[in-house]
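Asks: When you number the sequence shown by this note's numbering, it's gap-free, plus one each residue, and the end is 684.
Where is the CB? At the ideal position from N, CA and C, for every residue including glycine.
What you are looking at is a predicted structure, and each value in this text was computed from that prediction instead of being measured.
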Amino acid sequence: MNKKRLTAGAAAVCLSLTLCLPISAAGGGASLEEASQVVSALGILAGDESGNLNLSRRVTRAEFVTMAVKASPGGELVGQAATSPYPDVPRDHWASGYVEAGVSRGLISGYSDGTFRPGLEIKLAEGVTIALSLLGYGPEDFSGAYPTGQMALYHSLRLDRGMSASGPSDPMTRQDALYLFYNLLSARTKEGSPYLNTLGYSLNAAGEPDLLSLINGEMEGPIVAQGSNWREQLPFPPAQGKVFRDGASVSPSALREYDLIYWNPSAGTVWACSKKLSGTIQALEPSTSSPTSVTVAGRSYPIETSAAAYALSNLGSFHVGDSVTLLLGRSGGVAGVVDASVAAPSGERVGVVTAVTQEPVPDGHGGTYVTQMVTLLATDGEEYQYQYQGTGMRTGAVVRAAVSPQTGEVTLGRASSVPVSGTVNRDGTKLGKYSFAQGIRILDVSDHRGIIVYPSRLANLELTSGMVRYCGLNGQGEIEKLILDDVTGDAYHYGVLIGVEQLGDESYSSYSYTYDIAGTPGSVMGVSTKYPVSSATPIRLLGEIGQPDRLQSLTSAGRGGLVGGQFVSEGRHYALAPNVLVYEVRDNVYTLSSLARAESGEFSLTAWYDRPESAGGRIRVILAKPV
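#1: Skipping 5 residues on each side, what residues in its chain have a beta carbon closer than 6 Å to that of proline 295?
#2: For histidine 550, count neighbouring C-beta atoms within 10 Å of its own C-beta (all shown protein chains included) and say buried if the count is 16 or more, exposed if not.
#3: Taking C-beta to C-beta, are tyrosine 746 and valine 395 nearer than 9 Å?
#4: Look at tyrosine 491 and glycine 532 and say whether their C-beta atoms are less than 9 Å apart.
#5: Which runs of the beta strand (DSSP E) at least 3 residues long sit entirely within the region 487-552? Give them in chain order.
#6: Please confirm if the region 609-621 is in contact with the region 504-513, defined as three or more CB-CB distances below 8 Å between the two stretches.
#7: Given this structure, state the Cα-to-Cα distance separating threonine 545 from serine 166, to the nearest angstrom.
#8: Do you know offhand how far glycine 489's Cα is from leucine 541's?
#9: At a cut-off of 8 Å, would you count threonine 436 as near the ligand FMN, judging by its Cβ distance to the nearest heavy atom?
#10: Leaving out the 5 sequence neighbours to the left and right, which residues in its chain are closer than 8 Å to threonine 230 when beta-carbon positions are compared?
#11: To the nearest angstrom, how far is it from the Cα of glutamine 94 to the Cα of proline 130?
#12: Tell whether a beta-carbon distance below 9 Å holds between leucine 500 and glycine 408.
#13: Go ahead and pull the three-state DSSP assignment for methionine 122.
#14: Could you round the C-beta distance between phenylalanine 121 and glycine 184 to whole angstroms and report it? I think they count as a contact, below 8 Å.
#15: Look at the Cβ atom of valine 381, then the Cβ atom of glycine 336, and state whether they are nearer than 9 Å.
#16: Please list the segments of the alpha helix (DSSP H) lying wholly inside the region 375-412, counting only runs of 4 or more residues, in order along the chain.
#17: Three-state secondary structure (DSSP) at serine 190?
#18: Counting only the same chain and skipping the five closest in sequence on each side, list residues whose C-beta sits under 6 Å from that of threonine 186.
#19: Identify whether leucine 102 lies in helix, strand or coil by the three-state DSSP scheme.
#20: List the endpoints of the continuous beta strand (DSSP E) containing arginine 643.
#21: Which same chain residues, not among the five before or five after arginine 668, have their C-beta less than 7 Å away from its C-beta?
#22: Rounded to a whole number of angstroms, what is the C-alpha to C-alpha distance between tyrosine 194 and leucine 110?
#23: From the DSSP output, in three-state form, read off asparagine 109 for me.
#24: Whole angstroms is fine: what's the gap from glycine 529's alpha carbon to tyrosine 443's?
#25: Spatial neighbours of glutamine 604 within its chain, please: CB distance less than 8 Å, with the 5 preceding and 5 following residues excluded, ordered by chain position.
#26: According to the Cβ coordinates, are isoleucine 596 and leucine 662 closer than 9 Å?
#27: My output table needs one value for arginine 616: the three-state DSSP class, helix, strand or coil.
#28: What did DSSP end up calling leucine 269 once you bin it into helix, strand or coil?
#29: Alpha carbon to alpha carbon, what distance is there between aspartate 267 and phenylalanine 375?
#30: Identify the residues that DSSP records as bridge partners of tryptophan 320: which are they?
#31: Taking the alpha-carbon positions, what's the arginine 288 to alanine 282 distance?
#32: When the Cα atoms are used, what is the spatial distance from glutamate 627 to alanine 614?
#33: In whole angstroms, what is the alpha-carbon distance linking proline 44 and glycine 278?
#34: Buried or exposed: where does alanine 68 fall if 16 or more other Cβ atoms within 10 Å of its Cβ makes it buried?
#35: Contact check, leucine 520 vs glycine 485 under 8 Å by CB: the rounded distance?
#36: Between lysine 333 and leucine 384, how many whole angstroms is the CB-CB distance? I'm expecting something under 8 Å.
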């Protein structure tokens, strides 16, 4: 292998902890995508040969009892029936084993004429009764005429969320079945425990099935998408399932060489991660014979696969001083290693310089040399570090970094911006005369910290030229990249000032501040700066939590309540920040809580915002005192 030593200007680091999973819908209920992911991951609902779930098609009795058995403990172990359970369900019928198991477990029964009628459409009341049986309820738990009691319990247990069938005799679609089984997982059994627990899994803090835990438990891989035969290592062709790349739904043709591939056979889903990191290997810890972490450009990354550990060991192909590209897995660790010349991150990045430092770099011969390193906060929200031998590079500058896909070398230069200003439309799709491109990257930078914002966050905001630090267009004349200067305030730290202490006399005073920032305590002791803040009030912190540049008080919106995802006080409606903080206050002790607790009606609420909503402000902190 022809390994290439990195020269000055070689790409270094991409920090990413993305899980490469689809983003679920916000709000109280699960999106159809999330519900299908959960139910498919458990093997309850399967697609056809093309991976299509056919959710609009009606469900037969044979199909539904199969789903019900698969949703029960040990359901995955059911095979073909030993004998024909019914005259119309012969032993070689595809569902014979599940019909036999469903009947023996008391989930369903045949008709008085001795038939099962597997192809008959199942009605809502029948499906509900089976779901309640899984929860431990039998005929003895209901009074009155069937199915009055069953339907009442169905509604009270909230098994009806997302259902389109409403009347007891309505036929169920496969989408109805999907939602019924999804809702079943979080419902309480007759004994009082979540049904999902019977399957060996648990609910998350919101009381919903933990999608990530389910997927992690069933996920296999990774393998590196390298060469022409890697698809043969999968148990199913990607074209016959769902494919996601870096969390976005894509076609199988969108998968690229050197992607890391994970899969779930039950769900028929493929996840691909494309995050890469190129640079010089500076260290291998704890030893080169058995490394568990690798250091590139001053940053250490855990090694998460045996293949990567072998490649980086003294038995493998890569050693300290070599130029490599690390393939980052789902958790941000190293899952694969290739030569930098064949898989360097390509393309152009634009961002803000957050640091210019002098750092030692291995020379590949056992020694080091000192070079200038530039840290770039790019529009994808990640930090990249590059060697730079020029002059005049300063923090705060907007810089373009062009990465060569052949060598991994980088050219840094001034980013040329298109002048733009105007009002973002109410749909968050256009700024002034320019439309937003699909997949637009928007970075809002505050105090050298940046945060990715979605176009909808900017709806109805007026942006002046001074608020836009960079605007880049694609080939269609649409805004593709946008860097803003403290437009939303979302990149700051927010919390509560616990106390202020003044020491000294009139000639000289020092101040100590104690605070809680999103559940992380912090303090500044004995500084000469008197910040315009007072004890027991929400604050905004600029700088680092342990070494703030300054503290600022937030503005009170007064006492009110939470209605429809907004804070309402004296008839005024205030939008909530995406990461709004809720503190419960008892005896002057502040404990980080949740919106769900604040909405319970057990508290008196006051809210605090950073700036008017017309200027991008939001409610940042809510204080909840028991009533």
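Replies: Inspection of the coordinates gives the following:
#1: Pro309 and Val327
#2: buried
#3: This structure gives no information on residue 746, because the portion of the chain shown stretches from 58 to 684.
#4: no
#5: 491-503, 506-509, 525-530 and 536-542
#6: no
#7: 60 Å
#8: 15 Å
#9: Here there are no bound small molecules, and the ligand FMN is not part of this structure.
#10: Leu112, Ser113, Arg114, Arg115, Val116, Ser221 and Ala222
#11: 19 Å
#12: yes
#13: This sequence places valine at residue 122; methionine is not what is there. DSSP places valine 122 in helix when its eight states are reduced to three.
#14: 6 Å
#15: yes
#16: 397-400
#17: helix
#18: Gln207
#19: coil
#20: 629-643
#21: Gly546 and Gly674
#22: 29 Å
#23: coil
#24: 22 Å
#25: Val581
#26: no
#27: strand
#28: helix
#29: 39 Å
#30: Glu277 and Val327
#31: 8 Å
#32: 9 Å
#33: Nothing about residue 44 can be read from this structure; the chain reaches only from 58 to 684.
#34: Because alanine 68 sits at a pLDDT of 34, beneath the cut-off of 50, its placement in the model cannot be relied upon, and the following sentence gives the value as read from the coordinates. Answer is buried; the Cβ neighbour count reaches 16.
#35: Between glycine 485 and leucine 520 the Cβ distance is about 12 Å, and since that is not below 8 Å, they are no contact.
#36: 6 Å
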